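**Student:** Encoded as structure tokens, here's the structure I'll be asking about.
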Amino acid sequence: MINTQIFEHINQVIKEILKKSLASEELSSQEALELLKVKGKEFFALQYVADRICYEKKQNFVTFVINRNINFTNICYQRCKFCSFSLPATHTDAFLLTIEQVREKVIEAKITGCTEVCIQGGINPDLKFEFYLDILKTVKNIAPNMHTHAFSPQEVFYISKLYENSIEDTLKELKKAGLDSIPGTAAEILVDEIRKVICPNKVKASQWKEIITCAHNLGIPTTSTIMYGHIENLIDRIKHLEILREIQKETHGFTEFVPLPFVKENPILSQLENYPLHPSYGMDDLKLFCVARLFLNNYIDNIQCSWVKLGPKFAQVSLNYGVNDFSGTLMEENISKSAGAEFGEYLSPEEIVKIISEAGKKPAQRDTIYNIIKYY
Ligand code: SF4
């Protein structure tokens with residue numbers, strides 16, 4: 034039963050857009066843009082629709098994965114302006130894990146019941162192609178069933194340069210060594226004018242798209258992300274969503290979409306004179322979750338909140354705004370912490386279950402590709 038009262042006295046244009054969503058019709062970019070601007074009663078109507086269509090799709094379940102991060106090096110020469118995780122090799126806090134240290138972390142992950150290791154690192158000029166293969170083989174030697182969620186499209190691009198081969202052949206080799214899926218990070222905002230400012234040395238939007246599409250076509254699923262709340266505007270956010278939706282229509286390879294608000298405390302991006310920041314506040318975050326649910330609903334099933342970026346309290350609130358996944362336990366999360374995020378390195382499965390239950394949702398543990406492992 035649709036609560037029609039929620040549509041009383043709201044703007045006619047917004048009402049029509051929301052009704053389209055309830056009827057599972059595809060929203061245009063312009064319509065999604067209108068929704069990103071709503072306030073007041075229209076905001077609550079948007080929340081109602083996002084929650085409702087999420088409920089219809091997921092029957093009130095909110096999932097999470099038991100995983101750990103392995104950031105194997107923070108040495109990186111890319112110098113993205115929003116990043117304070119990376120350091121030059123000469124810095125006293127710079128590190129590069131040995132394969133033996135990676136091994137220890139994988140053993141720890143296995144002991145603590147992780148089903149996934151999420152492996153990412155800086156673009157470190159000292160690395161060789163074989164090092165990346167060795168990381169994957171190490172995981173599979175210790176725990177053949179552990180899902181390796183590894184290497185962003187930026188890293189895949191770099192690995193292909195080390196291998197002196199095409200993206201496709203590189204991905205094939207990585208897959209052979211044990212790669213199961215790829216994080217859809219390094220996407221930031223898929224608009225080159227923005228990328229030129231915030232991450233001038235990263236792959237272009239078209240290259241990101243090419244790497245992701247190639248992975249999907251080889252049967253390697255990926256996540257998808259957006260980093261927002263910096264110098265981009267609402268139109269850029271919608272252009273980004275549009276690109277993700279187009280890719281998904283073609284490949285069906287995205288497992289989820291994860292909005293990541295820019296953590297502004299440390300990075301240089303906060304100090305750029307000609308590019309004022311447009312930080313996202315709570316309402317912006319919630320609207321983006323809702324719009325992602327409405328805009329992507331027919332294509333990407335899972336919308337994830339990042340408790341590391343949002344904080345567990347706000348992430349819990351987001352579960353009523355179209356979000357159906359609470360991400361993972363994320364033991365040892367270094368990247369957001371370096372950028373100034375205050376929230377811990379780890380939430381236990383018990384804490385996550387409590388947070389989800391108290392939001393009125395049904396918790397379930399999943400694997401990386403959204404097979405349910407355990408209901409609570
Ligand atoms: S975001 Fe990634 S590629 Fe960019 S500087 Fe940081 S570690 Fe390097």
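Read in my numbering, the sequence shown has 230 at position 197, and its numbers run on one by one without any break.
All C-beta atoms, glycine included, are put in the ideal place defined by N, C-alpha and C.
None of the values given here were measured: they were computed from a predicted structure.
1) Considering only the beta carbon of each residue, do P382 and T362 sit closer than 8 Å?
2) Give me the Cα-Cα distance between K143 and Q63, rounded to the nearest whole angstrom.
3) Regarding C323 and ligand 1, is the C-beta to nearest heavy atom distance less than 7 Å?
4) Here's the rule I'm using: 16 or more other beta-carbon atoms within 10 Å means buried, otherwise exposed. How should Q349 be labelled?
5) Along the alpha helix (DSSP H) that carries K235, what are the first and last residues, could you check?
6) Rounded to whole angstroms, what's the CA-CA distance from V324 to A65? Just pull it up for me.
7) Would you check if the distance between the CB atom of C87 and the CB atom of G393 is smaller than 8 Å?
8) Report the rounded CA-to-CA distance for Y308 versus L55, giving the unit in angstroms.
9) Following a CB-centred definition, is R326 positioned closer than 7 Å to any heavy atom of ligand 1?
10) State yes or no: is the C-beta of L327 within less than 8 Å of the C-beta of L68?
11) Which residue wins for smallest C-alpha separation from T288, given the options R228, T256, E75, D159?
12) Where DSSP assigns a beta bridge to H182, which residues make up the other side?
13) Determine the burial state of T123: buried for a count of at least 16 other Cβ atoms within 10 Å of its Cβ, exposed for fewer.
14) Give the DSSP-derived three-state secondary structure of D358 in the structure shown.
15) With distances taken from each beta carbon to the nearest heavy atom of ligand 1, which residues come in below 5 Å, in chain order?
16) For the stretch 105-170, list the beta strand (DSSP E) runs that are entirely contained and at least 3 residues long, ordered along the chain.
17) DSSP state of T37, grouped into three classes?
18) Taking only three categories from DSSP, how would you classify I385?
19) Spatial neighbours of Q111 within its chain, please: C-beta separation below 8 Å, excluding the five flanking residues on both sides.
20) Pair every Cβ in the stretch 174-191 with every Cβ in the stretch 236-254, then say whether three or more of these pairs are closer than 8 Å.
21) State yes or no: is the C-beta of L160 within less than 8 Å of the C-beta of L207?
22) Pick out whichever of Q153, V296, D126 has its Cα sitting closest to the Cα of L212.
23) Run the CB neighbour count on F290, radius 10 Å, all protein chains shown included, and call it buried at 16 or more, exposed below.
24) Indicate whether I96 and S214 have their beta-carbon atoms separated by less than 8 Å.
25) Pull up the DSSP beta-bridge partners for I405, would you.
26) When the Cα of D84 is compared with those of N178, N335, F115, which residue comes out closest?
27) V296: which of I268, N330, D317, Y261 sits nearest, CA to CA?
28) Closest by CA to L251, which one among I50, L204, P294, Q281?
29) Thinking I406 and Q398 are a contact (beta carbons under 8 Å), I'd like their distance in whole angstroms, please.
30) Whose CA, out of L343, H182, I192, E89, lies closest to the CA of N331?
31) Rounded to the nearest angstrom, how far is the Cβ of I227 from that of D269, given a contact under 8 Å?
32) Quick one: which unbroken beta strand (DSSP E) runs of 3-plus residues sit fully inside the stretch 251-330? Chain order, please.
33) Would DSSP call Q337 helix, strand or coil?
34) Per the DSSP calculation, T96 is bridged to which residue(s)?
35) Under the assumption that A78 contacts L60 (Cβ atoms under 8 Å), give the Cβ distance between them as a whole number of angstroms.
**Tutor:** Let me spell this out:
1) For this step, residue 382 is matched to residue 349 along the sequence shown. For this step, residue 362 is matched to residue 329 along the sequence shown. Taking a C-beta distance under 8 Å as the contact criterion, P382 and T362 qualify as a contact pair.
2) Taking the sequence shown and counting its residues from 1, the one referred to as residue 143 is at position 110. Taking the sequence shown and counting its residues from 1, the one referred to as residue 63 is at position 30. Answer to the nearest angstrom: the Cα atoms are 46 Å apart.
3) Residue numbering aside, residue 323 sits at position 290 when the sequence shown is read from its first letter. C323 Cβ: outside cutoff for every heavy atom of ligand 1.
4) Taking the sequence shown and counting its residues from 1, the one referred to as residue 349 is at position 316. Buried, since its Cβ has 16 or more Cβ neighbours within 10 Å.
5) Position 202 of the sequence shown, counting from 1, holds the residue named residue 235. Taken as a continuous stretch (DSSP letters only), K235 belongs to no alpha helix (DSSP H), as it is neither H nor E.
6) Residue numbering aside, residue 324 sits at position 291 when the sequence shown is read from its first letter. Residue numbering aside, residue 65 sits at position 32 when the sequence shown is read from its first letter. Whole-angstrom Cα-Cα distance: 6 Å.
7) On the sequence shown, position 54 is the one that residue 87 refers to. On the sequence shown, position 360 is the one that residue 393 refers to. Not closer than 8 Å, so no.
8) Translated into the one-based positions of the sequence shown, residue 308 becomes position 275. Translated into the one-based positions of the sequence shown, residue 55 becomes position 22. Going by C-alpha positions, Y308 is about 38 Å away from L55.
9) As a first step, residue 326 is located in the sequence shown; it is residue number 293 there, counting from the start. Checking every heavy atom of ligand 1 against the Cβ of R326, none is found closer than 7 Å.
10) Numbered from its first residue, the sequence shown carries residue 327 at position 294. Numbered from its first residue, the sequence shown carries residue 68 at position 35. It is a contact, given that the beta carbons lie within the stated cut-off.
11) Translated into the one-based positions of the sequence shown, residue 288 becomes position 255. It is T256.
12) As a position in the sequence shown, residue 182 is number 149, starting the count at 1. According to DSSP, which records beta bridges pairwise, H182 is partnered with C151, S214.
13) As a first step, residue 123 must be located in the sequence shown, where it is residue number 90. It counts as exposed.
14) If you number the sequence shown from 1, residue 358 lands on position 325. Note: D358 maps to strand in three-state DSSP.
15) C109, Q111, C113, C116, S119, G155
16) 149-153
17) Your numbering for residue 37 matches position 4 in the sequence shown. Here T37 sits in helix by DSSP.
18) For the purposes of this step, residue 385 is taken as the residue at position 352 of the sequence shown. DSSP places I385 in helix when its eight states are reduced to three.
19) In the sequence shown, residue 111 corresponds to position 78, counting from 1. The residues are S119, G155, I156, Q187, C232, N234, K235.
20) yes
21) By one-based count along the sequence shown, residue 160 stands at place 127. By one-based count along the sequence shown, residue 207 stands at place 174. No; because the gap between Cβ atoms is not below 8 Å, this pair is not in contact.
22) Your numbering for residue 212 matches position 179 in the sequence shown. Of the listed residues, the one whose Cα sits closest to L212 is Q153.
23) On the sequence shown, residue 290 is found 257 positions in, with the first residue counted as 1. Label assigned to F290: buried.
24) Here residue 96 is taken as the residue at index 63 of the sequence shown, counted from 1. Here residue 214 is taken as the residue at index 181 of the sequence shown, counted from 1. The question names Ile, but residue 96 is Thr in the sequence shown. No, the pair does not count as a contact, with Cβ atoms beyond the cut-off.
25) Stepping through the sequence shown from its first residue, residue 405 is reached at position 372. According to DSSP, I405 bridges with R399.
26) The residue you call residue 84 lines up with position 51 of the sequence shown. Taking only the C-alpha atoms, the option nearest D84 is N335.
27) Mapped onto the sequence shown, residue 296 falls at position 263. Nearest C-alpha to V296: Y261.
28) The residue given as residue 251 occupies position 218 in the sequence shown. Of the listed residues, the one whose Cα sits closest to L251 is L204.
29) As a working note, residue 406 is residue 373 in the sequence shown. As a working note, residue 398 is residue 365 in the sequence shown. That pair is a contact at about 5 Å.
30) Here residue 331 refers to the residue found at position 298 of the sequence shown. Checking every option, the nearest Cα to that of N331 belongs to E89.
31) Sequence index remark: in the sequence shown, residue 227 carries index 194 (1-based). Sequence index remark: in the sequence shown, residue 269 carries index 236 (1-based). Right, the Cβ-Cβ distance comes to about 6 Å (below 8 Å), so this counts as a contact.
32) As summarised for the stretch 251-330, the continuous beta strand (DSSP E) elements at least 3 residues long and confined to that stretch are 255-261, 287-294, given in chain order.
33) Residue numbering aside, residue 337 sits at position 304 when the sequence shown is read from its first letter. In the three-state scheme derived from DSSP, where H, G and I count as helix and E and B as strand, Q337 is classed as strand.
34) In the sequence shown, residue 96 corresponds to position 63, counting from 1. Under DSSP, T96 forms a beta bridge with D358, A397.
35) For this step, residue 78 is matched to residue 45 along the sequence shown. For this step, residue 60 is matched to residue 27 along the sequence shown. With 8 Å as the limit, A78 and L60 do not qualify as a contact, their Cβ atoms being about 15 Å apart.
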